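J.: Residue numbers (UniProt numbering): 1 to 48.
Note that CB positions come from ideal geometry on N, CA and C, so glycine has one too.
In this text the structure is predicted, and so the values were computed from the model without any measurement.
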């Protein structure tokens with residue numbers, strides 16, 4: 001999965017995560033100190 005590689009890269013900041021499973025999305029957001037999580041990719045893509 002690409003996400004795991006990005007999370008390990010010191011030059012990458014993860015702003016948000018998206019998963020159909022809301023609990024998993026929230027847990028991943030907290031684990032990687034992201035600012036937001038989404039369960040709908042349209043909402044993620046509309047995030048400025």
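Leaving aside the five residues before and after residue 16 along the sequence, list all residues of the same chain whose C-beta is less than 7 angstroms from its C-beta, in chain order.
T.: Hits under 7 angstroms: 34, 35, 36, 37, 38, 44 and 47.
J.: Could you please give me the residues that DSSP links to residue 17 through a beta bridge?
T.: Paired residues: 37.
J.: Taking DSSP as the reference, what is the three-state secondary structure of residue 11?
T.: Residue state, collapsed to three classes: coil.
J.: Leaving aside the five residues before and after residue 26 along the sequence, list all residues of the same chain whose C-beta is less than 6 angstroms from its C-beta, in chain order.
T.: So the list reads 37, once near-sequence residues are dropped.
J.: Excluding the 5 residues preceding and the 5 following residue 14 in the sequence, name in chain order all residues of the same chain whose CB lies nearer than 7 angstroms to its CB.
T.: Closer than 7 angstroms at the Cβ level, and outside the excluded window around residue 14, lie 6, 7, 32 and 34.
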